[in-house]
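Remarks on the structure that follows.
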Amino acid sequence: MNSVHGIGLVKITINPMGIASDIEVIKGLDAFIDSLIFNSFKELTLKKSWISGNSGRNKITQEILFPISYSLNSYGSYYYKIIGLHIKS
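Take the sequence shown: its position 41, counted from the start at 1, is 40 in numbering that gives the first Met the number 0, and no numbers get skipped.
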């Protein structure tokens with residue numbers, strides 16, 4: 000059984016009002032898996048309320064980077080999971 004696996008990277012921007020936008024698959028494997036991951040994160044950003052970054056008393060835009068481990072086997076089954084969290088303000 001052959002499988003495709005790897006680690007991708009997704010970036011989400013959180014504006015000062017706590018609204019997520021600009022979802023971007025920075026590192027992916029192929030268009031199919033990238034679209035699955037993108038759509039999952041799009042759904043997540045619609046359901047989750049975010050807390051904006053702060054610099055002193057000012058709310059600021061921040062970027063959150065999500066490393067994603069993913070795998071697709073020869074039967075068409077796939078899975079992916081967030082393996083870490085990196086926040087860049």
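Glycine included, each C-beta is placed from N, C-alpha and C at the ideal position.
Could you tell me how far apart the beta carbons of residue i and residue j are, in whole angstroms, since I believe they sit closer than 8 Å?
i, j, result
"residue 36", "residue 67", "6 Å"
"residue 28", "residue 55", "Not a contact, Cβ separation roughly 40 Å."
Going straight from the alpha carbon of residue i to that of residue j, what length do you get?
i, j, result
"residue 19", "residue 41", "9 Å"
"residue 87", "residue 4", "For residue 87, the predicted structure reports a pLDDT of 46, less than 50, and the residue's modelled location is therefore unreliable. The matter cannot be settled from this model."
"residue 62", "residue 43", "15 Å"
"residue 59", "residue 70", "35 Å"
"residue 34", "residue 46", "18 Å"
"residue 14", "residue 39", "20 Å"
"residue 112", "residue 17", "Here the chain covers residues 0 to 88 and nothing more, so residue 112 does not appear."
"residue 85", "residue 32", "With a pLDDT of only 47 at residue 85, under the threshold of 50, the placement of this residue in the model should not be trusted; the figure read from the coordinates follows. Cα to Cα, the separation comes out at about 21 Å."
"residue 11", "residue 64", "7 Å"
What span of residues does the beta strand (DSSP E) with residue i cover, start to end?
i, result
"residue 53", "52–54"
"residue 58", "57–59"
So, with DSSP's three-state summary, where would you put residue i?
i, result
"residue 18", "coil"
"residue 10", "strand"
"residue 35", "helix"
"residue 47", "coil"
Note to self: Check whether the stretch 43–52 and the stretch 23–32 touch, using three or more Cβ-Cβ pairs below 8 Å as the test.
What the structure shows: At 8 Å Cβ cutoff, the stretches do not touch.
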